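Presented below is the structure to which this report refers.
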Amino acid sequence: MRLGSIILFAALCSFTAYYIYEPIPEEIEERWKLMLTNSFFRSLSHLADFCESLGLKDYMGVMYFITLVEKVAPLSDHHVRVTEEKFDGVDVVLYQPRLQRDDSEPRRAVIYLHGGGWCLGSSRMSPYDLLARNIVSQLDAVVLSVEYRLAPAHHFPVPYEDVYRVVKHFLQKKVLTQYSVDPGRIAVSGDSAGGNLAAAVSQQLIKEPEQQIQLKAQALLYPVLQALDLNTPSYQQNQDMPILPRTLMVRFWSEYFTSDKALFRAMMANTHNNHESSSLLKFVNWSTFLPESFHRKYNYSAPTVAQGVGGETFGVDGPSQSFADPRASPLLVPDAALRSLPKAYIVTCEYDVLRDDGIMYVTRLRAAGVEVTHEHYRTGFHGAMMFTMWPTDFLIARRMTDNYIKWLMENL
Ligand SMILES: *[C@@H]1O[C@H](CO)[C@@H](O)[C@H](O)[C@H]1NC(C)=O
Ligand SMILES: *[C@@H]1O[C@H](CO)[C@@H](O)[C@H](O)[C@H]1NC(C)=O
1 MRLGSIILFA ALCSFTAYYI YEPIPEEIEE RWKLMLTNSF FRSLSHLADF CESLGLKDYM
61 GVMYFITLVE KVAPLSDHHV RVTEEKFDGV DVVLYQPRLQ RDDSEPRRAV IYLHGGGWCL
121 GSSRMSPYDL LARNIVSQLD AVVLSVEYRL APAHHFPVPY EDVYRVVKHF LQKKVLTQYS
181 VDPGRIAVSG DSAGGNLAAA VSQQLIKEPE QQIQLKAQAL LYPVLQALDL NTPSYQQNQD
241 MPILPRTLMV RFWSEYFTSD KALFRAMMAN THNNHESSSL LKFVNWSTFL PESFHRKYNY
301 SAPTVAQGVG GETFGVDGPS QSFADPRASP LLVPDAALRS LPKAYIVTCE YDVLRDDGIM
361 YVTRLRAAGV EVTHEHYRTG FHGAMMFTMW PTDFLIARRM TDNYIKWLME NL
């Protein structure tokens, strides 16, 4: 037993030493824990590459292991009643407060969309389950966690459309009444790719005049918001950061649209823009939309646009054909399409390739007159808020969760 642990410890140390060649910034709290966590992610990613190169299993199929190990059965307890349902054919996990109050005042609701680059993750993972219970008990709210289908089995726009269908189904008077939800107090929220879906669905709803019940708020946690410029200062500065290195984010982006590796290679080189997307580059021009202090040491240069007859285009599967579709890249819309969006809470982390996506959206929403609370974590890394479970529990996750719930408490 003793010897076994020593061997395991020694193996873990050498393993870790091998994987930690990229120093983690001093400012990050609990650095060693993050290094260990990251060495696990990196080794899994290498294993996934290896399996794919041998033709055993595709990369995301191996990475999905992360989701599986954290999956829990959503169970009811004293405070929360948990049920699994289908909303317009899409799986959802519904969390309702048990407490029956005398005044049958309707409750608030949060529609939650998990992260995982549209390829990984599940509403049934323990950090999401825990977050949902926290929201229920602290806000006395209903939480609807959406189990949208994932790429690469289901490319864009399937994950988006699943979310849209659930939201449309939920925002009906008779459905809200059934769950005692106040139609004036509903938010959509999500982290990472879930933040992308939350932003996209918020934009869609305000375009529908016949949609009577609208969202009151959107809470976007380190969201992914654009696929056009994958060389913003944050992509460059954080290309080797733990949890979400640039390669993995580019992989998620390309797999969202297609399994054709040509798009991945072009996105890696930031040369994937074509004739169609080039006219939208102005919406992600970071020299305009990032405050000077976030330019850091980088000088702006617009992404290369493929030349040739009509520009080079990449094979993109599915009925919609473009990474320039605003349902995939919510930053790519004119100001007029942002004007009547619900108020927003946007979290960004310093050590995250997606930092500048979030900050650009803050700038653009404010310019369009939308009320925005921007919380920037100077010691934050991508995904930080979901590291709430032992042994990968981080102090920063607790702070982020508290601030997030406080904002919902005051704004929803
Ligand atoms: C980006 O903005 C800068 C100045 O703010 C401008 O010089 C440049 O032409 C813009 N590029 C694109 C592609 O919009
Ligand atoms: C950015 O531009 C400035 C002024 O032209 C130059 O001094 C600096 O070296 C450039 N930085 C990079 C990283 O290219």
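Residue numbers (full-length UniProt numbering): 1 to 412.
We put the CB at the ideal spot given by N, CA and C, even for glycine.
Quick caveat: nothing in here was measured; it's all calculated off a predicted structure.
_Which residues does DSSP list as the beta-bridge partners of residue 349?_
As a beta-bridge residue in DSSP terms, residue 349 pairs with 377.
*Should the stretch 324-331 be called in touch with the stretch 357-368, which here means at least 3 C-beta pairs below 8 Å?*
Flag = yes, the stretch 324-331 and the stretch 357-368 touch.
*With hydrogens ignored, establish whether the beta-carbon of residue 238 is closer than 7 Å to any heavy atom of ligand 2.*
For ligand 2, not one heavy atom lies less than 7 Å from the Cβ of residue 238.
*Just tell me which of 110, 221 and 166 has its CA closest to the CA of residue 397.*
Closest by alpha carbon: 221.
*By DSSP, does residue 297 sit in helix, in strand, or in coil?*
When secondary structure is reduced to three states using DSSP, residue 297 falls in the coil class, being assigned neither helix nor strand.
_DSSP three-state assignment for residue 166, whether helix, strand or coil_ = Residue state, collapsed to three classes: helix.
_Contact set for residue 309: own chain, Cβ-Cβ below 6 Å, skip 5 residues either direction_ = Because residue 309 carries a pLDDT of 47, less than 50, the predicted location of this residue cannot be relied on, and the following value inherits that uncertainty. Cβ neighbours of residue 309 beyond the five flanking positions: none.
*With a cut-off of 8 Å, do at least 3 Cβ pairs link the stretch 364-372 to the stretch 251-263?*
Because the criterion of three Cβ pairs below 8 Å is not met, the stretch 364-372 and the stretch 251-263 do not touch.
*Which residues bound the beta strand (DSSP E) around residue 145?*
Note, residue 145: beta strand (DSSP E), 142-146.
*So, is residue 147 buried or exposed, given that buried needs 16 or more other C-beta atoms within 10 angstroms?*
Answer is buried; the Cβ neighbour count reaches 16.
*Run the proximity test for residue 281: is its beta-carbon closer than 7 Å to any non-hydrogen atom belonging to ligand 1?*
Inclusion of residue 281 in the 7 Å shell around ligand 1 follows from its C-beta lying nearer than that to a non-hydrogen atom of the ligand.
*In terms of residue numbering, what span does the beta strand (DSSP E) encompassing residue 96 cover?*
Residues 90-97.
*State yes or no: is the C-beta of residue 347 within less than 8 Å of the C-beta of residue 371?*
Remark: C-beta atoms of residue 347 and residue 371 do not approach each other more closely than 8 Å.
_Beta-carbon proximity of residue 229 to residue 107, cut-off 8 Å_ = No, the pair does not count as a contact, with Cβ atoms beyond the cut-off.
*In chain order, what residues of the same chain lie with their CB nearer than 7 Å to the CB of residue 129, ignoring the 5 residues before and after it?*
The residues 72 and 74, in chain order, have a CB closer than 7 Å to that of residue 129 in the same chain once the five nearest residues on each side in sequence are set aside.
*Looking only at its own chain, which residues have a Cβ that is under 6 Å from the Cβ of residue 169, when we skip the five neighbours before and after it?*
Result list for residue 169: 87 and 88, in chain order.
*Measure the alpha-carbon distance for residue 324 versus residue 201 and round it to whole angstroms.*
In a straight line, the C-alpha of residue 324 is about 16 Å away from that of residue 201.
*Using 10 angstroms around the beta-carbon of residue 69, count the other beta-carbons present and answer buried if the total reaches 16, otherwise exposed.*
In the assembly as shown, residue 69 is an exposed residue. Its beta-carbon has fewer than 16 other beta-carbons within 10 Å.
*Just to check, is the beta-carbon of residue 298 closer than 7 Å to a non-hydrogen atom of ligand 2?*
With a cutoff of 7 Å, residue 298 counts as near ligand 2, since its C-beta is closer than that to a heavy atom of the ligand.
*Run the CB neighbour count on residue 114, radius 10 Å, all protein chains shown included, and call it buried at 16 or more, exposed below.*
Classification of residue 114: buried, given that the 10 Å Cβ count is 16 or more.
*For residue 174, which of 139, 213 and 155 has the nearest alpha-carbon?*
Checking every option, the nearest Cα to that of residue 174 belongs to 213.
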